[in-house]
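Asks:
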Amino acid sequence: MKMKRRDFLKVTVAAGAVAAAGLPKLNAFAAYQDKKDAASPGRWIPSTCQGCTAWCPVEFYVQGERAVKVRGNQLSKANGGYCCPRGHMMIQQLYDPDRVKVPMKRTNPVKGRGIDPKFVPITWDEALDAIAEKMMELRKANEPEKLMYMRGRYSPTSTDLLYGTLPKIFGTPNYFSHSAICAEAEKMG
9 MKMKRRDFLK
19 VTVAAGAVAA
29 AGLPKLNAFA
39 AYQDKKDAAS
49 PGRWIPSTCQ
59 GCTAWCPVEF
69 YVQGERAVKV
79 RGNQLSKANG
89 GYCCPRGHMM
99 IQQLYDPDRV
109 KVPMKRTNPV
119 KGRGIDPKFV
129 PITWDEALDA
139 IAEKMMELRK
149 ANEPEKLMYM
159 RGRYSPTSTD
169 LLYGTLPKIF
179 GTPNYFSHSA
189 ICAEAEKMG
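Residue numbers (our numbering): 9 to 197.
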C-alpha cells in the first residue's frame, strides 16, 4: 500500500491527539502543593526579573510568605505580560535546597580536587571580621595586590563606593564583576 506524505502526517497527528487526550496534564516545573495551600488566597506582587540584563517586569504570586508562581507583568508594554524560561526559573533558584544563604567558612586547610573543604556556617559579623583581618594583614605586608574583589550579579555591593572605590583605595587592580564573564563577554563575541 502506498501512502502519501500528507495522509501519513494526518494519521500521525490524529494518533498523537488520541494518545495525549488520555494523559493527565503534565507540568514538569510545577511543585507539589497541598490542596489547602492551593486554595489559600494569595496576591500578585510586581517586581523585576534578574535572569539576564533585560530586567523584564514580572509579578510573583505569593501565598502566605512563599512565592509560588511567576509571570510577566500584565500591565507591561515591555514584555507584553510574558516571561521567558529564565524568569520562570527564579522560584526554583530561590528555594533551591543547595542555595548558600549564610556565609560559609572553610575548616579544612587541605585543598585540591575531590577534597572536602568542610565548610561550616558562620555569622555575618564573623565573616566581615575575618575579611577585615585578612585585608589588614595584606596591607601590613605591603601586598595589597593579593586582594581580589569580585561582586556577583546585581549584588548590594554593586555601588560605586564598594565596587569602584574600595579596590583603588586599598591598592589592588584586581576587581571585576559577574558582567565581565557574562553579559559584557557576550557583547564582545
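Even for Gly, the Cβ is constructed at its ideal location relative to N, Cα and C.
(1) So is C64 buried or exposed if we call it buried at 16+ other beta carbons inside 10 Å?
(2) How would you write the range of the alpha helix (DSSP H) that E93 sits in, first residue to last?
(3) Measuring alpha carbon to alpha carbon, tell me which of T61, C60 and P54 ends up nearest P68.
(4) Any idea what DSSP makes of E73, helix, strand or coil?
(5) Which ranges would you report for the beta strand (DSSP E) in the segment 76 to 155 if only whole runs of at least 3 residues count?
(6) Looking at C-alpha atoms only, which residue of G88, G72 and Q100 is the closest neighbour of G59?
(7) What would DSSP say about P175, mapped onto helix, strand or coil?
(8) Between which residues of its own chain and V76 is the CB-CB distance below 6 angstroms, once the five residues before and five after are set aside?
(9) Could you tell me the distance, in whole angstroms, from the CA atom of I123 to the CA atom of C92?
(10) Quick check on the burial criterion: 16 or more other C-beta atoms within 10 angstroms. Buried or exposed for L83?
Replies: Judging by the given coordinates:
(1) buried
(2) It is worth fixing the name first, because residue 93 is Pro in this sequence and not Glu. Unbroken alpha helix (DSSP H) run through P93: P93 to H96.
(3) The question names Pro, but residue 68 is Phe in the sequence shown. Comparing Cα-Cα distances from F68 to each of T61, C60 and P54, the minimum goes to P54.
(4) coil
(5) 112 to 114 and 127 to 129
(6) Q100
(7) helix
(8) Y69
(9) 38 angstroms
(10) exposed
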